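Under the working numbering, think of the first position of the sequence shown as 5, with each following residue one higher.
Ideal Cβ placement from N, Cα and C applies to all residues, glycine included.
Just so you know, these numbers come straight off a predicted model, no measurement behind them.
Structure, as structure tokens:
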Amino acid sequence: MNKIRIELLDVVALTVDLPEYKLYRGQVGAVVELLAGGAAFEVEFSDRNGRTYESVGLRPEQIMVLHFEPASPDSVRAMVTA
């Protein structure tokens, strides 16, 4: 099975609630920096006008990559983990 890699500028959604940041499961952000050699990611959350309202470091199990095209038959149908 191929693991889905999280890359710079990927659009991701939270898979967990982070109430300390006022972020909740399903909120969408973009990966803006790879941390710890790809073991963590800085994800920026912006409003509809493009203004950042939160930027937070997250582990792979806290996010999932969103896809905007049909998935290939070889893709993994599971939450992304590192």
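| request: Keeping to the same chain, check which residues put their C-beta closer than 8 Å to that of residue 24; ignore five residues upstream and five downstream. | output: As a first step, residue 24 is located in the sequence shown; it is residue number 20 there, counting from the start. Contacts found: none.
| Tell me the DSSP bridge mates of residue 17? | Working through the sequence shown from its first residue, we reach residue 17 at position 13. Per DSSP, 32, 68.
| query | What is the DSSP secondary structure of residue 61, reduced to helix, strand or coil? | reply | By one-based count along the sequence shown, residue 61 stands at place 57. If DSSP states are grouped into helix, strand and coil, residue 61 belongs with the strands.
| Cα separation between residue 30 and residue 64? | Looking up residue 30 in the sequence shown gives position 26. Looking up residue 64 in the sequence shown gives position 60. Roughly 15 Å separates the two Cα atoms.
| Can residue 20 and residue 35 be called in contact, C-beta distance under 9 Å? | Indexing the sequence shown from 1 puts residue 20 at position 16. Indexing the sequence shown from 1 puts residue 35 at position 31. Cβ distance not < 9 Å, so residue 20 and residue 35 don't count as in contact.
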